[in-house]
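*Asks:* Residue numbers (the working numbering): 22 to 227. Here's a structure for you.
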């Protein structure tokens, strides 16, 4: 029976816009392109998500890869949390799900400093029964290990879960793991999707 709603953060609960993040640090397009390559587009970004690289190490290593303004490079990392702007429709729908008695869990790739910022600055997490972020789990989507980690930590069966993510590879991995999953392709439609899935869960309960 479908009973648990699992949500990603980036482009589901919060707006993830790397172009805007980098555009705030560098003025011209050539600099922005290079900054993207040495920060968000580099494997170290995933190591931050996985918790195997500290913020300080990530900044220093990115600065060493480029002659771009080191303060600009640092700001891309430091401002990540603040750049993840709330998607109000999804957050409101999460609170409606809580009121309806539908348990919500978070499963997101996220570095520690960004998650600390989000946890401190948004109240939607109060609607959740539990949170798994990759920096704490030590693994990242779409690795099956992070879906297993979520289920083990909160005693969930995969078949009782429906997962929402903005990336097809992550929803495909969830389906392969045994969950139901839907890709959110319009970040502004998250509230509608959450409401629809909550209705499905309630209908499944009979």
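Each residue gets a CB set at the ideal place from its N, CA and C atoms; glycine is no exception. Predicted, not measured: the structure shown is a model, and the values here were computed from it.
Could you tell me the distance, in whole angstroms, from the CA atom of residue 216 to the CA atom of residue 116?
*Replies:* 10 Å
*Asks:* Helix, strand or coil for residue 134, going by three-state DSSP, please let me know.
*Replies:* helix
*Asks:* Given a threshold of 16 other Cβ atoms within 10 Å of its Cβ, counted over all protein chains shown, does residue 209 qualify as buried or as exposed?
*Replies:* exposed
*Asks:* Please determine, among 97, 181, 78 and 79, the residue with the shortest C-alpha to C-alpha distance to residue 57.
*Replies:* 97
*Asks:* Can you give me the C-alpha to C-alpha distance between residue 11 and residue 72, rounded to a whole angstrom?
*Replies:* No statement about residue 11 is possible, as the shown extent of the chain runs from 22 to 227 and does not include it.
*Asks:* DSSP state of residue 96, grouped into three classes?
*Replies:* Three-state result, residue 96: helix.
*Asks:* Could you spell out the range, first to last residue, of the alpha helix (DSSP H) harbouring residue 129?
*Replies:* Where residue 129 is concerned, there is no enclosing alpha helix (DSSP H), although the beta strand (DSSP E) it sits in stretches over 125 to 129.
*Asks:* Who are the Cβ neighbours of residue 35 in its own chain at under 8 Å, not counting the five residues just before and after it?
*Replies:* These residues qualify, in order along the chain: 105, 106, 107, 108, 139 and 143.
*Asks:* Between the C-alpha atoms of residue 186 and residue 154, what's the straight-line distance to the nearest angstrom?
*Replies:* Distance between the alpha carbons of residue 186 and residue 154: 14 Å.
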